[in-house]
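J.:
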Amino acid sequence: MVGKILAGWRYDISGLAPEMRGDYELHFAGCEHCSKRQKLHRIIDISLIVLASASAAVFLLAFAVIRHFGPRHAFWLEVGALAGFALSALIWLIVAVATPAPMAVVDVAMLGARHVHDRLPAEIREKLPEEIRVKLTGS
Ligand SMILES: [Zn+2]
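Right under this line is the structure:
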């Protein structure tokens, strides 16, 4: 039952209010099938974002190269490069809005920051502003 609901959401509960998540988090903790699926879907979301970013960057680079060398038919090549860039940006936007990829990226970044924070010497950690420390460690 819970598993079916989760499948309908593509195993994303980031849009739920924290007090509503309890049952689902419990299910993820106890159900290997669903937690595996959740990881898979987040990997797909992030891969799509990364691909769209890379593709946008390539089209932009192509545009810059065409500008620089000014080959024949440069105008149409430029139009093609810009159209490719626009399409990649659109895909990026759709993925960012329709999937929890941005939240997943933030989560990964937070984990990384927490990791760095835990490795900092105590005297430097003390000097960090209170709000940053609270955000990183949750206490
Ligand atoms: Zn399940």
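Residue numbering for the sequence shown follows the working numbering, starting at 7 and increasing by one per position.
Built from N, CA and C at the ideal position, the CB exists for glycine as well.
The structure presented is a predicted model; accordingly, all values stated were derived computationally and were not measured.
1) Can you pull every residue whose C-beta falls closer than 6 Å to some heavy atom of ligand 1, listed in chain order?
2) Could you pull out every residue in the same chain whose Cβ sits closer than 8 Å to the Cβ of A119, ignoring the five residues on either side in sequence?
3) Under the rule that 16 or more other beta-carbon atoms within 10 Å means buried, what is A115, buried or exposed?
4) Let me confirm a value: D51 is counted as buried when at least 16 other C-beta atoms fall within 10 Å, else exposed. Which label applies?
5) How many whole angstroms separate the CB atoms of A95 and A62, which I take to be in contact at a CB cut-off of 8 Å?
6) Check whether the Cβ atoms of A87 and A68 sit closer than 7 Å, and answer yes or no.
7) In chain order, what residues of the same chain lie with their CB nearer than 6 Å to the CB of C37, ignoring the 5 residues before and after it?
T.: Reading it off the structure:
1) G9, H33, C37, H39 and C40
2) Numbered from 1 along the sequence shown, position 113 holds the residue referred to as residue 119. Cβ neighbours of A119 beyond the five flanking positions: L142.
3) Along the sequence shown, read from residue 1 onward, the residue named residue 115 stands at position 109. That one is exposed.
4) Working through the sequence shown from its first residue, we reach residue 51 at position 45. D51 should be labelled buried.
5) Here residue 95 is taken as the residue at index 89 of the sequence shown, counted from 1. Here residue 62 is taken as the residue at index 56 of the sequence shown, counted from 1. So it is a contact: roughly 6 Å between Cβ atoms.
6) Start at 1 with the first residue of the sequence shown, and residue 87 comes out as number 81. Start at 1 with the first residue of the sequence shown, and residue 68 comes out as number 62. Closer than 7 Å, so yes.
7) Sequence index remark: in the sequence shown, residue 37 carries index 31 (1-based). No residues qualify anywhere along the chain.
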